[in-house]
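Participant: Protein sequence lines, in the order shown, are assigned to chains A and B. Residues in the first sequence are numbered consecutively from 1, following our numbering. Residues in the second sequence are numbered consecutively from 223, following our numbering. Yeah, the Cβ is synthetic: ideal placement off N, Cα and C, and Gly gets one too. Input: one structure, supplied below.
There are 2 protein chains.
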Amino acid sequence: MFKKILVAEDQQSISAGLKSTLTKLDIPLIETVDYCDNALLKLKAALLKNVPFDLLITDLSFKEDHRLRKLRSGEDLIQQVKKIQPDLNVIVFSIENRIGIVKKLIDVYGINGYISKGRREAEDLNKAIKAILRGVPYFSEDIVALLHNAGNISEVNTSDKLILELLAKGLNQKQISEHFKKNNIPSGSKRSIEYRLQDLKILFEADTLPHLISIVKDIGLI
Amino acid sequence: MFKKILVAEDQQSISAGLKSTLTKLDIPLIETVDYCDNALLKLKAALLKNVPFDLLITDLSFKEDHRLRKLRSGEDLIQQVKKIQPDLNVIVFSIENRIGIVKKLIDVYGINGYISKGRREAEDLNKAIKAILRGVPYFSEDIVALLHNAGNISEVNTSDKLILELLAKGLNQKQISEHFKKNNIPSGSKRSIEYRLQDLKILFEADTLPHLISIVKDIGLI
DNA sequence: CATTAGCTTGCGGAAATACGCAAAGAGAAT
DNA sequence: ATTCTCTTTGCGTATTTCCGCAAGCTAATG
Numbered sequence: 001m002f003k004k005i006l007v008a009e010d011q012q013s014i015s016a017g018l019k020s021t022l023t024k025l026d027i028p029l030i031e032t033v034d035y036c037d038n039a040l041l042k043l044k045a046a047l048l049k050n051v052p053f054d055l056l057i058t059d060l061s062f063k064e065d066h067r068l069r070k071l072r073s074g075e076d077l078i079q080q081v082k083k084i085q086p087d088l089n090v091i092v093f094s095i096e097n098r099i100g101i102v103k104k105l106i107d108v109y110g111i112n113g114y115i116s117k118g119r120r121e122a123e124d125l126n127k128a129i130k131a132i133l134r135g136v137p138y139f140s141e142d143i144v145a146l147l148h149n150a151g152n153i154s155e156v157n158t159s160d161k162l163i164l165e166l167l168a169k170g171l172n173q174k175q176i177s178e179h180f181k182k183n184n185i186p187s188g189s190k191r192s193i194e195y196r197l198q199d200l201k202i203l204f205e206a207d208t209l210p211h212l213i214s215i216v217k218d219i220g221l222i
Numbered sequence: 223m224f225k226k227i228l229v230a231e232d233q234q235s236i237s238a239g240l241k242s243t244l245t246k247l248d249i250p251l252i253e254t255v256d257y258c259d260n261a262l263l264k265l266k267a268a269l270l271k272n273v274p275f276d277l278l279i280t281d282l283s284f285k286e287d288h289r290l291r292k293l294r295s296g297e298d299l300i301q302q303v304k305k306i307q308p309d310l311n312v313i314v315f316s317i318e319n320r321i322g323i324v325k326k327l328i329d330v331y332g333i334n335g336y337i338s339k340g341r342r343e344a345e346d347l348n349k350a351i352k353a354i355l356r357g358v359p360y361f362s363e364d365i366v367a368l369l370h371n372a373g374n375i376s377e378v379n380t381s382d383k384l385i386l387e388l389l390a391k392g393l394n395q396k397q398i399s400e401h402f403k404k405n406n407i408p409s410g411s412k413r414s415i416e417y418r419l420q421d422l423k424i425l426f427e428a429d430t431l432p433h434l435i436s437i438v439k440d441i442g443l444i
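In structure tokens, the structure reads:
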């Protein structure tokens with residue numbers, strides 16, 4: 001069983017709920033934090049003292065407040081954590097179900113589990129912990145379904161994403177082309193940008209550019 | 223003090239947390255449901271038996287599952303509730319902080335309070351209940367700040383919104399114009415649609431139509 | 001009633017997007 | 001090296017968006 005678990009979650013009730021669920025599993029040490037920055041500090045400190053945490057359970061969204069903070073989200077936290085303790089098990093615990101967001105966490109950071117907040121969160125948490133102890137990643141049912149239809153999103157590379165981001169930021173196609181050329185990104189001619197946008201429209205079945213932006217924002221690709 | 227409170231929330235831990243917070247306030251009867259449909263049923267039943275609830279606390283987002291349901295969200299629930307019991311006090315309890323969503327709940331449904339889930343949710347809930355008992359609406363600090371900058375969104379009327387929705391759905395300007403004419407919506411000429419989009423771009427400081435769609439989706443206007 | 005200000009509409013032209021086509025370039029296979 | 005294929009690029013044109021302009025319409029004001 002896990003020996004030291006850190007929970008990063010800023011919603012009081014959820015944090016308390018998680019703690020009580022975990023307590024029933026005979027975890028010797030459960031710590032909770034409500035800021036990502038604090039989470040990273042605790043993980044670092046434990047690592048230095050040679051008593052590292054072996055599981056991080058974190059939400060994705062943290063409310064902003066007056067406090068200065070470096071890490072704005074669970075994703076930021078995971079990114080930093082993986083730098084100092086790459087083998088730490090990570091479970092994301094969130095209501096977020098946009099495919100783009102979830103897929104990035106899995107593909108880029110290799111998280112070990114993703115639990116959807118909801119009616120079955122306690123049950124899912126138990127299952128996830130058991131699975132991860134066996135070295136098997138665990139994902140809530142709706143997340144599995146989500147990933148199942150992830151086909152088209154996999155075909156979008158980083159420079160396609162950049163085009164979409166710049167488009168959503170207000171650049172026109174000529175300006176996107178100029179941005180590509182200035183930053184030495186391949187295939188930056190105006191005609192190539194046009195081709196890519198045409199392909200993206202086909203891929204996401206969008207009729208117009210505003211439609212395309214609407215779709216890729218809905219799925220969390222940008 | 224309130225005598226009968228209904229809590230609609232599908233996250234187990236939050237629901238439990240709310241109940242425990244409320245219990246400390248000497249509320250005689252607190253009921254919880256994890257489906258919007260059930261909430262409406264309970265409210266109706268209590269009304270028929272002449273022992274109506276006097277406060278509804280509801281989340282906005284409810285996870286979908288296999289169950290058939292009519293009401294998909296807290297907004298749907300509030301809409302229906304206001305039809306059968308218009309004077310019921312309603313507090314929204316949500317992490318949602320997109321101005322468009324929040325503003326609609328206040329302007330259209332006249333909710334009595336909006337509490338942001340987060341580090342201060344318990345404290346906010348106490349304050350909200352006290353305020354509403356005095357007949358004063360209550361909104362969390364970040365929501366107040368949000369509403370403070372709500373200027374431009376108030377200037378968007380329903381037909382502007384329709385234009386944006388159709389645009390995000392893939393219609394071009396000619397098709398939007400045709401849609402307006404077919405449905406006898408005023409100012410449906412192509413040139414008028416163009417003018418409105420121009421105004422909306424100025425209002426939201428958007429450089430292009432894709433940019434505009436990105437912005438209005440971010441703030442939850444569509 | 002006349003005037004004024006503000007919408008609404010159609011027209012026309014400039015700018016941007018959409019897209020076919022062919023030449024040039026890059027990489028893999030023979 | 002040669003061929004073949006795929007990508008990239010530029011060019012030209014059709015379509016769409018963008019926007020000024022002026023005529024028509026509406027509503028409020030004096």
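Quick check on this structure: which residue in B:417, B:232, B:228 has the alpha carbon closest to the alpha carbon of residue 310 of chain B?
Facilitator: Position 88 of the second sequence, counting from 1, holds the residue named residue 310 of chain B. If we check each option's Cα against that of residue 310 of chain B, B:228 comes out closest.
Participant: With distances taken Cα to Cα, identify the nearest neighbour of residue 191 of chain B among B:324, B:356, B:345.
Facilitator: In this structure chain B extends from 223 to 444, so residue 191 of chain B is not present and cannot be described.
Participant: Which chain B residues are close to residue 213 of chain A, counting only those with a beta carbon under 7 Å from its beta carbon?
Facilitator: Translated into the one-based positions of the first sequence, residue 213 of chain A becomes position 213. Simply 432, 435, 436.
Participant: Measure the Cβ-Cβ separation of residue 118 of chain A and residue 82 of chain A and say whether it is below 9 Å.
Facilitator: Reading the first sequence from its first residue, position 118 is the one you call residue 118 of chain A. Reading the first sequence from its first residue, position 82 is the one you call residue 82 of chain A. No, they are not a contact pair.
Participant: So residue 394 of chain B contacts chain A; which residues on that side make the cut at Cβ distance below 7 Å?
Facilitator: Numbered from 1 along the second sequence, position 172 holds the residue referred to as residue 394 of chain B. Correct list: 208.
Participant: Can you check DSSP and say which residues form a bridge with residue 279 of chain B?
Facilitator: The count along the second sequence starts at 1 and reaches residue 279 of chain B at position 57. In DSSP, residue 279 of chain B forms a bridge with B:229, B:313.
Participant: Could you check the C-alpha separation between residue 157 of chain A and residue 176 of chain A for me, to the nearest Å?
Facilitator: Mapped onto the first sequence, residue 157 of chain A falls at position 157. Mapped onto the first sequence, residue 176 of chain A falls at position 176. Answer to the nearest angstrom: the Cα atoms are 16 Å apart.
Participant: Should the segment 28-45 of chain A be called in touch with the segment 241-256 of chain B, which here means at least 3 C-beta pairs below 8 Å?
Facilitator: Touching, no, given that fewer than three Cβ pairs across the two stretches are closer than 8 Å.
Participant: Which chain B residues are close to residue 167 of chain A, counting only those with a beta carbon under 7 Å from its beta carbon?
Facilitator: Position 167 of the first sequence, counted from the first residue, corresponds to residue 167 of chain A. The answer, in chain order, is 432.
Participant: Consider the Cβ of residue 116 of chain A: report whether some Cβ of chain B lies at a distance smaller than 9 Å.
Facilitator: Within the first sequence, residue 116 of chain A is the residue found at index 116, counting from 1. By this cut-off, residue 116 of chain A is an interface position.
Participant: Using a Cβ distance threshold of 8 Å, determine whether the segment 225-240 of chain B contacts the segment 267-280 of chain B, with at least three qualifying pairs required.
Facilitator: Result yes; three or more Cβ-Cβ pairs closer than 8 Å.
Participant: Would you report the Cα separation of residue 14 of chain A and residue 163 of chain A, rounded to the nearest angstrom?
Facilitator: The residue given as residue 14 of chain A occupies position 14 in the first sequence. The residue given as residue 163 of chain A occupies position 163 in the first sequence. Near 38 Å, if we compare the C-alpha coordinates of residue 163 of chain A and residue 14 of chain A.
Participant: Please name the residue, chosen from B:301, B:223, B:431, B:242, that lies closest to residue 224 of chain A on a Cα-to-Cα basis.
Facilitator: Examination of residue 224 of chain A is not possible in this model, given that chain A is present from 1 through 222 alone.
Participant: Please classify residue 272 of chain B as buried or exposed, where buried requires at least 16 other C-beta atoms within 10 Å of its C-beta.
Facilitator: As a first step, residue 272 of chain B must be located in the second sequence, where it is residue number 50. It counts as exposed.
Participant: For residue 306 of chain B, count neighbouring Cβ atoms within 10 angstroms of its own Cβ and tell me buried if that reaches 16, exposed if not.
Facilitator: Reading the second sequence from its first residue, position 84 is the one you call residue 306 of chain B. Residue 306 of chain B comes out exposed.
Participant: DSSP has residue 324 of chain B in a bridge; who is on the other side?
Facilitator: For the purposes of this step, residue 324 of chain B is taken as residue 102 along the second sequence, with counting starting at 1. Beta-bridge pairing links residue 324 of chain B to no other residue.
Participant: Under the rule that 16 or more other beta-carbon atoms within 10 Å means buried, what is residue 123 of chain A, buried or exposed?
Facilitator: For the purposes of this step, residue 123 of chain A is identified with residue 123 of the first sequence, where counting begins at 1. Looking at its Cβ environment, which holds fewer than 16 other Cβ atoms inside 10 Å, residue 123 of chain A is exposed.
Participant: What separation, rounded to the nearest whole angstrom, lies between the Cα atoms of residue 146 of chain A and residue 356 of chain B?
Facilitator: As a first step, residue 146 of chain A is located in the first sequence; it is residue number 146 there, counting from the start. As a first step, residue 356 of chain B is located in the second sequence; it is residue number 134 there, counting from the start. Approximately 46 Å between the Cα atoms of the pair.
Participant: Return the chain-ordered ranges of every alpha helix (DSSP H) run that is complete within the segment 124-161 of chain A and spans a minimum of 4 residues.
Facilitator: Segments of the alpha helix (DSSP H) lying fully in the segment 124-161 of chain A: 141-148.
Participant: Tell me, please, whether the CB atom of residue 122 of chain A is closer than 9 Å to any CB atom in chain B?
Facilitator: The residue you call residue 122 of chain A lines up with position 122 of the first sequence. Chain B, which has a Cβ nearer than 9 Å to the Cβ of residue 122 of chain A, makes this yes.
Participant: Based on the DSSP secondary-structure assignment, which residues constitute the bridge partners of residue 336 of chain B?
Facilitator: What you label residue 336 of chain B is simply residue 114 of the second sequence in a count that begins at 1. Answer is B:314, B:361.
Participant: According to the Cβ coordinates, are residue 220 of chain A and residue 64 of chain A closer than 9 Å?
Facilitator: Indexing the first sequence from 1 puts residue 220 of chain A at position 220. Indexing the first sequence from 1 puts residue 64 of chain A at position 64. No.
Participant: Taking just the CA atoms, how far does residue 387 of chain B sit from residue 375 of chain B?
Facilitator: Within the second sequence, the letter at position 153 stands for residue 375 of chain B. Within the second sequence, the letter at position 165 stands for residue 387 of chain B. Whole-angstrom Cα-Cα distance: 15 Å.
Participant: Distance, Cα to Cα, residue 444 of chain B vs residue 438 of chain B?
Facilitator: Position 222 of the second sequence holds residue 444 of chain B. Position 216 of the second sequence holds residue 438 of chain B. C-alpha separation (whole angstroms): 6 Å.
Participant: Expressed to the nearest angstrom, what Euclidean distance is found between the alpha-carbon atoms of residue 402 of chain B and residue 412 of chain B?
Facilitator: Mapped onto the second sequence, residue 402 of chain B falls at position 180. Mapped onto the second sequence, residue 412 of chain B falls at position 190. About 10 Å.
Participant: Would you verify that the beta carbon of residue 285 of chain B is, or is not, closer than 9 Å to some beta carbon of chain A?
Facilitator: Within the second sequence, numbered from 1, the residue matching residue 285 of chain B stands at position 63. Closer than 9 Å to some Cβ of chain A, the Cβ of residue 285 of chain B qualifies, so yes.
Participant: DSSP three-state call for residue 165 of chain B: helix, strand or coil?
Facilitator: With chain B covering 223 to 444 only, the question about residue 165 of chain B has no answer from this structure.
Participant: Residue 273 of chain B by DSSP, collapsed to three states: which one?
Facilitator: Position 51 of the second sequence, counted from the start, is the residue given in the question as residue 273 of chain B. Three-state DSSP puts residue 273 of chain B in coil, outside helix and strand.
Participant: Work out the CA separation of residue 193 of chain A and residue 186 of chain A for me, nearest whole Å.
Facilitator: Counting from one through the first sequence, the residue named residue 186 of chain A turns up at place 186. Counting from one through the first sequence, the residue named residue 193 of chain A turns up at place 193. Taking the straight line joining both Cα atoms gives about 10 Å.
Participant: Could you round the C-beta distance between residue 280 of chain B and residue 261 of chain B to whole angstroms and report it? I think they count as a contact, below 8 Å.
Facilitator: What you label residue 280 of chain B is simply residue 58 of the second sequence in a count that begins at 1. What you label residue 261 of chain B is simply residue 39 of the second sequence in a count that begins at 1. That pair is a contact at about 7 Å.
Participant: Apart from the five residues just before and just after residue 98 of chain A, which ones in its own chain have a Cβ nearer than 6 Å to its Cβ?
Facilitator: Mapped onto the first sequence, residue 98 of chain A falls at position 98. Cβ neighbours of residue 98 of chain A beyond the five flanking positions: 219, 220.
Participant: Note down, in chain order, each residue of its chain lying with its Cβ closer than 8 Å to the Cβ of residue 354 of chain B, except the 5 sequence neighbours on either side.
Facilitator: For the purposes of this step, residue 354 of chain B is taken as residue 132 along the second sequence, with counting starting at 1. 277, 311, 313, 334, 335, 360, listed in sequence order.
Participant: Give me the Cβ distance between residue 10 of chain A and residue 62 of chain A, rounded to the nearest whole Å; I'm assuming they're in contact under 8 Å.
Facilitator: By one-based count along the first sequence, residue 10 of chain A stands at place 10. By one-based count along the first sequence, residue 62 of chain A stands at place 62. Yes, they are in contact, since the Cβ atoms of residue 10 of chain A and residue 62 of chain A sit about 5 Å apart, within 8 Å.
Participant: Looking at the C-beta of residue 13 of chain A, does it have a partner C-beta in chain B at a distance below 9 Å?
Facilitator: On the first sequence, residue 13 of chain A is found 13 positions in, with the first residue counted as 1. Output row for residue 13 of chain A: interface = yes.
Participant: Within a Cβ cutoff of 7 Å, which residues of the same chain sit near residue 299 of chain B, ignoring the five residues on either side of it in sequence?
Facilitator: One-based indexing of the second sequence puts residue 299 of chain B at position 77. Cβ neighbours of residue 299 of chain B beyond the five flanking positions: 230, 258, 261, 262, 280, 293.
Participant: Is residue 34 of chain A close to chain B, meaning its C-beta is less than 9 Å from at least one C-beta of that chain?
Facilitator: By 1-based counting over the first sequence, the position of residue 34 of chain A is 34. So yes, residue 34 of chain A belongs to the interface.
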